[in-house]
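Undergrad:
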Amino acid sequence: MEQSWRQAKGLFAALMSAPLVWLVFFFFVPMAIVWLYSFGENRGLIDIAFTGTWSNYAKALEPLYLGIFVKSLWVAALTTFLCVVIGFPVALAITFSPDKWKPWLLLLVMLPFWTNLLIRTYALIAVLRSEGYVNQTYRFLWEHASGLMTLIGLQPLGTFQPLELLYNNFAVVLGLVYVHLPFMILPLYSTLDRLDRSLLEASLDLGAGHIRTMFSIVIPLAGAGIASGVLITFIPALGAYLTPDLLGGTDSQMIANVIESQFKRANNWPFGAALCFILVYLTFIGIAIQGLLDSSAKKRGMA
Amino acid sequence: MSSSRHMKSFGASRRSLLQGLGAAAVGISFGGLSACSQGASTSGGEGNKLNFYNWADYIGETTFADFKKSSGIDVNMSIFATNDELFAKMKTGNSGYDIIVPSNDFVERLSQADLLLPLDHTRLPNLKNIDPAFMDVAYDPGRKWSAPYTWLVLGIGYRKSKMPAGFKPDSWKYLFDSDQFKGRIALLSEAGDMIRLGAKYLGHSVNGLDQATIDKVTAMLIKQKPNIKAFHSDDGDKMLRAGDIDIVLEYNGDIAQAKAEDDDIDFIIPKEGSQLNSDNWCIPKGSPRPDNAHKFINYMMDAQASKHIFETILYPTTNAAAKALMPDSYKNNPIIFPAADELARCEYAAFDASKAQVYEDAMTKIKAA
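Chains Y and X, in that order, are what the protein sequence lines are. Just so you know, we're using the working numbering here: the first sequence kicks off at 1 and counts up by one. Just so you know, we're using the working numbering here: the second sequence kicks off at 1001 and counts up by one.
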């Protein structure tokens, strides 16, 4: 029998107080301070005066910074899209794998979390760099192919040119997809695993092919999982900092890198705070859109 | 050089170490918290403790044990990764540290912000060991706030075998204003250093830049961007060694280390001159143990103790007495100790509170272009 929290107010209050205190003191209060900074101005080297100015936001909306926001949104969107495209088949494969394999496959998905992000990123640098593992393999194949071609009397391939895999936007997106893929696979898996298999059988029995079943049955039913996966991939990707900093080239800065330089190097906390909060507002908008889609999907489901 | 301030585990530089610890939001609101407990432990007198806030890999292996033997004081060392991190922690006040090691411009910044304790020279007799060239410096006239430790100079590190025969990249031009090494160039991602050195190339001092010059440098670097492979976070020596690039803006100490392991690498100070940096011993205001701190600084400048440190860290020393005790491979290394006429063309960058924002904006513009 379902019990409403109203029937056990004391217990509810006792259970909620600790997380609430935690949330207020370690989330709302610091965020409120940063929010206040965003309406402040530097006074000398140390002090920030809360003057209620909008100048920080005005500066943040200059074309230079707007352009960086747009670029960050674009990179995050591309990352999320690639995570869906790659993550969906993986989640589906895990769902349909034998039961005794599932825990091991899920473990493999989660394994990267056991290692620090910095170490994983440096590992990626070692893989991608001009004389890294990818290029060494490529070179090995190139030289052997070249040797083979001379052997059978064809022109050799010419001099080897390493692939430019690191220090560009490709590396940033690759790094972001690599880091965020588990965030996409896990919610997708949990949705797909609860899917009623009889619906798939019905679809196949009624003459739909596998591809039609996938797009007309599986994907619509997994909508909630896709939406939550998209959200928890997109938001951290939008605020990505380490990946563009270490893997990016000369034009790979994202908004978090600008925020970092304003707080640290430029010592302009008010402007950094304004940029932070614009990012927060963008996140809120993202969540609101997801909420709207969710409720309209529910309505459609009811109808 | 086996280890240095700029060399970190996993090949990270001092800056990326900070990033890795997730401390991106350094000190937004908790800057001082972690250190509070350390400051509270004094109970009358100074006790035999000392809290030392240092760069990583920037002290001798047995220095603390030796210091304890001579003074009875236990040193408790914590590590910071950037001057900005240090400043953020000092800014919140009451950090509990007794000794910090800021670079020259941050000595100025900290002293202007009234965050340092003046040094008492009568308690630092070993100042006599210091090379006089480092005693009266523009960033701290008369050494009121700081005692010298190491110094560095920015220049061009390059791979000899990738240069045309007999060619030396002896001008900033090859980094800032030429497509000769297209796609094989890495510059530093420090906004201030980039703009100042660009101005130096255009014939200005690194100090007192006007907006027109800054705009000119910005335009020059935007134009040069297609030729640049990356803005590195002080790990340009690694990129050079790994073959990612052939020519890089780096510190002499880092390139000297790379050269020790790969003789195909060399370093040059461009003919237009360059920028000097220097790290210094300081006592923050509110230090719980200023007496112990003076004893420590004096010991650090002792010839034997200093020799031991520089044998480990292999940075250019400011300590003439210690340098005299060092082997020739260190003393006569032209990368660690460039010729006097080359150094004469180099300047310290003064701290300019109004410029930090301008430099960052310029760099953001360059990267966004």
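Glycine residues also receive a C-beta, built at the ideal position from the N, C-alpha and C atoms. Because the structure is a prediction, the values reported are computed rather than measured.
Residues in the segment 64 to 79 of chain Y with C-beta within 7 Å of chain X's C-beta atoms, listed in sequence order?
TA: L64, G67 and I68
Undergrad: Ignore the nearest five residues each way along the sequence and tell me which others in X/G1060's own chain have a CB closer than 6 Å to its CB.
TA: H1308, I1309 and T1312
Undergrad: Between the C-alpha atoms of Y/M254 and Y/T137, what's the straight-line distance to the nearest angstrom?
TA: 31 Å
Undergrad: For the segment 135 to 154 of chain Y, which residues have a beta carbon sitting closer than 8 Å to at least one beta carbon of chain X?
TA: Against chain X - using a Cβ distance shorter than 8 Å - the segment 135 to 154 of chain Y contributes no residues.
Undergrad: Looking only at its own chain, which residues have a Cβ that is under 8 Å from the Cβ of Y/L242, when we skip the five neighbours before and after it?
TA: Closer than 8 Å at the Cβ level, and outside the excluded window around Y/L242, lie L117, L118 and T121.
Undergrad: Please confirm if Y/V21 has its CB atom under 8 Å from at least one CB of chain X.
TA: no
Undergrad: Could you tell me which chain Y residues have their CB closer than 8 Å to the CB of X/K1229, listed as they occur along the chain?
TA: Y167, G249 and T250
Undergrad: Kindly list, in the order they appear in chain X, the residues whose Cβ is closer than 7 Å to that of Y/Q311.
TA: As displayed, chain Y neither begins before 1 nor continues past 303, which places residue 311 of chain Y out of reach and without an answer.
Undergrad: Is there a Cβ of chain X sitting closer than 8 Å to that of Y/N267, yes or no?
TA: Yes - at least one Cβ of chain X is within 8 Å of the one on Y/N267.
Undergrad: By how many angstroms is the C-alpha of X/D1291 removed from the C-alpha of X/D1141?
TA: The residue asked about is misnamed: residue 1141 of chain X is Pro in this sequence, not Asp. Straight-line Cα distance between these residues: approximately 23 Å.
Undergrad: Give a yes or no on whether 8 Å exceeds the smallest Cβ distance from Y/Q161 to chain X.
TA: no
Undergrad: Grouping DSSP H, G and I as helix and E and B as strand, with all else coil, what is Y/A49?
TA: strand
Undergrad: Under the DSSP definition of a beta bridge, which residues are partnered with X/S1103?
TA: X/D1279
Undergrad: At a CB distance below 8 Å, what residues from the segment 107 to 121 of chain Y approach chain X? Give them in sequence order.
TA: N116, L117, L118 and I119
Undergrad: In the DSSP assignment, what are the bridge partners of X/P1148?
TA: X/N1280
Undergrad: Y/R129 and X/A1081: beta carbons closer than 8 Å?
TA: no
Undergrad: Can you tell me whether DSSP reads X/S1037 as helix, strand or coil?
TA: Residue placement at X/S1037 is flagged as unreliable, the pLDDT there being 38, under the threshold of 50; the coordinate-derived value follows with that caveat. Three-state result, X/S1037: helix.
Undergrad: Compare the beta carbon distance of X/W1151 and X/T1318 with 8 Å and say whether it is the shorter of the two.
TA: Here X/W1151 is near X/T1318, since their CB atoms are less than 8 Å apart.
Undergrad: So that I know if they touch, is there some Cβ in chain X lying closer than 8 Å to that of Y/L45?
TA: Taking Cβ atoms only, chain X reaches closer than 8 Å to Y/L45, which makes this a yes.
Undergrad: Am I right that X/L1175 and X/L1187 are in contact with their C-beta atoms under 8 Å? What's the rounded C-beta distance?
TA: Contact between X/L1175 and X/L1187 holds: CB atoms are separated by about 6 Å, below the 8 Å threshold.
Undergrad: Tell me where the alpha helix (DSSP H) around Y/F88 begins and ends.
TA: P63 to T95
Undergrad: What is the DSSP secondary structure of X/R1123, reduced to helix, strand or coil?
TA: helix
Undergrad: Counting only beta-carbon separations shorter than 8 Å, does X/R1159 have a partner in chain Y?
TA: no
Undergrad: Determine which residues share a DSSP beta bridge with Y/W35 and list them.
TA: DSSP output for Y/W35 lists no bridge partner at all.
Undergrad: Once the 5 residues before and after X/D1237 are set aside, which same chain residues still bring their CB inside 7 Å of it?
TA: G1157, E1250, D1254, I1255, Q1257 and A1258, listed in sequence order.
Undergrad: Are the beta-carbon atoms of X/I1100 and X/C1282 separated by less than 8 Å?
TA: yes
Undergrad: Look at the alpha carbon of Y/W54 and the alpha carbon of Y/F39, and state the distance between them as a whole number of angstroms.
TA: Their backbone Cα atoms lie some 6 Å apart in a straight line.
Undergrad: If you follow the alpha helix (DSSP H) that X/K1331 is in, where does it begin and where does it stop?
TA: D1328 to K1331
Undergrad: Evaluate X/D1264 with the Cβ neighbour count: other Cβ atoms within 10 Å of its Cβ, from every protein chain shown; 16 or more gives buried, anything less gives exposed.
TA: exposed
Undergrad: Give me the chain Y residues within the contact set of X/Q1275, using Cβ-Cβ distance strictly less than 9 Å, ordered along the chain.
TA: Within 9 Å Cβ-Cβ: nothing; X/Q1275 doesn't reach chain Y, min ~16 Å.
Undergrad: Which bits of chain X does Y/S55 rub up against, with CB to CB less than 7 Å?
TA: None at all; the shortest Cβ gap to chain X is about 13 Å.
Undergrad: DSSP state of X/G1183, grouped into three classes?
TA: coil
Undergrad: Would DSSP call Y/Y57 helix, strand or coil?
TA: Here Y/Y57 carries a helix assignment [DSSP, helix/strand/coil].
Undergrad: Which residue from Y/C276, Y/T95 and Y/W142 puts its Cα closest to that of Y/S190?
TA: Y/T95
Undergrad: Check whether the segment 1103 to 1113 of chain X touches the segment 1273 to 1281 of chain X, taking contact to mean three or more Cβ pairs, one atom from each stretch, closer than 8 Å.
TA: A contact exists between the segment 1103 to 1113 of chain X and the segment 1273 to 1281 of chain X.
Undergrad: Skipping 5 residues on each side, what residues in its chain have a beta carbon closer than 6 Å to that of Y/A297?
TA: G223
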